[in-house]
Amino acid sequence: PLKSYSSGMLQRVKYVMALYDQPRVLFLDEPTSNLDEAGKQLVYEVVQAQKRDHIVIIATNEPEEIRLAEKRVDVA
(Lines of atoms letter the chains of each structure in order from A; the text may use other names.)
(Lines give C-alpha, C1' and ligand atoms only; values in the text may rest on other atoms or scores of the structure.)
Protein backbone atom coordinates (compact mmCIF):
# COMPACT_ATOMS: atom_id res chain seq x y z
CA PRO A 8 0.00 0.00 0.00
CA LEU A 9 1.08 3.58 -0.64
CA LYS A 10 0.96 4.37 3.08
CA SER A 11 4.12 2.35 3.56
CA TYR A 12 6.09 4.19 0.83
CA SER A 13 8.79 6.70 1.72
CA SER A 14 8.29 10.34 0.71
CA GLY A 15 10.79 9.88 -2.12
CA MET A 16 8.96 6.83 -3.43
CA LEU A 17 5.64 8.70 -3.25
CA GLN A 18 7.22 11.48 -5.29
CA ARG A 19 8.17 8.92 -7.94
CA VAL A 20 4.61 7.54 -7.97
CA LYS A 21 3.33 11.08 -8.58
CA TYR A 22 5.59 11.35 -11.64
CA VAL A 23 4.29 8.11 -13.07
CA MET A 24 0.73 9.30 -12.61
CA ALA A 25 1.47 12.75 -14.07
CA LEU A 26 3.21 11.37 -17.16
CA TYR A 27 0.93 8.41 -17.84
CA ASP A 28 -1.43 10.24 -20.21
CA GLN A 29 1.41 12.18 -21.87
CA PRO A 30 0.08 15.65 -21.02
CA ARG A 31 0.85 18.59 -23.32
CA VAL A 32 1.49 20.76 -20.27
CA LEU A 33 3.28 19.41 -17.20
CA PHE A 34 3.08 21.44 -13.98
CA LEU A 35 5.74 20.64 -11.38
CA ASP A 36 5.88 22.14 -7.88
CA GLU A 37 9.32 21.69 -6.31
CA PRO A 38 9.90 18.61 -8.47
CA THR A 39 12.96 17.24 -6.67
CA SER A 40 11.78 17.63 -3.09
CA ASN A 41 12.19 14.43 -1.05
CA LEU A 42 14.37 12.80 -3.72
CA ASP A 43 17.90 11.49 -3.39
CA GLU A 44 20.57 12.42 -5.95
CA ALA A 45 19.65 9.54 -8.25
CA GLY A 46 16.00 10.58 -8.15
CA LYS A 47 16.90 14.19 -8.87
CA GLN A 48 18.98 13.18 -11.88
CA LEU A 49 16.05 11.16 -13.19
CA VAL A 50 13.74 14.16 -12.83
CA TYR A 51 16.21 16.39 -14.69
CA GLU A 52 16.34 13.86 -17.53
CA VAL A 53 12.55 13.55 -17.67
CA VAL A 54 12.12 17.33 -17.73
CA GLN A 55 14.70 17.68 -20.51
CA ALA A 56 12.89 15.02 -22.56
CA GLN A 57 9.42 16.43 -21.89
CA LYS A 58 10.29 20.01 -22.78
CA ARG A 59 11.29 19.00 -26.32
CA ASP A 60 7.67 18.47 -27.35
CA HIS A 61 5.65 19.72 -24.38
CA ILE A 62 5.32 22.69 -22.08
CA VAL A 63 6.86 22.18 -18.63
CA ILE A 64 6.10 24.71 -15.89
CA ILE A 65 8.17 24.47 -12.71
CA ALA A 66 7.61 26.28 -9.41
CA THR A 67 10.89 26.20 -7.50
CA ASN A 68 13.57 28.02 -5.55
CA GLU A 69 16.24 25.45 -6.34
CA PRO A 70 19.05 26.74 -8.60
CA GLU A 71 19.49 23.33 -10.24
CA GLU A 72 15.81 23.24 -11.20
CA ILE A 73 15.87 26.85 -12.39
CA ARG A 74 18.65 25.93 -14.81
CA LEU A 75 16.23 23.57 -16.56
CA ALA A 76 14.17 26.55 -17.73
CA GLU A 77 14.37 28.15 -21.14
CA LYS A 78 12.24 31.06 -19.91
CA ARG A 79 11.89 32.31 -16.36
CA VAL A 80 9.26 34.33 -14.50
CA ASP A 81 10.10 35.54 -10.99
CA VAL A 82 7.13 36.05 -8.69
CA ALA A 83 7.75 38.07 -5.55
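Each residue of the sequence shown is one higher than the last, beginning at 8 in our numbering.
Every residue gets a Cβ at the ideal spot worked out from N, C-alpha and C, and that includes glycine.
- Taking C-beta separations shorter than 7 Å and ignoring five residues to either side along the sequence, the partners of valine 50 in its chain run Pro38, Thr39 and Leu42, following chain order.
- Bridge partners of alanine 83 according to DSSP: none are assigned.
- Within the stretch 55 to 79, the complete alpha helix (DSSP H) segments at least 4 residues long are 70 to 73, listed from N- to C-terminus.
- Annotation for leucine 17: the continuous alpha helix (DSSP H) segment containing it runs 14 to 26.
- Residues Leu33 and Val63 of the same chain have their beta carbon placed closer than 7 Å to that of glutamine 57, with the five preceding and five following residues left out of the count.
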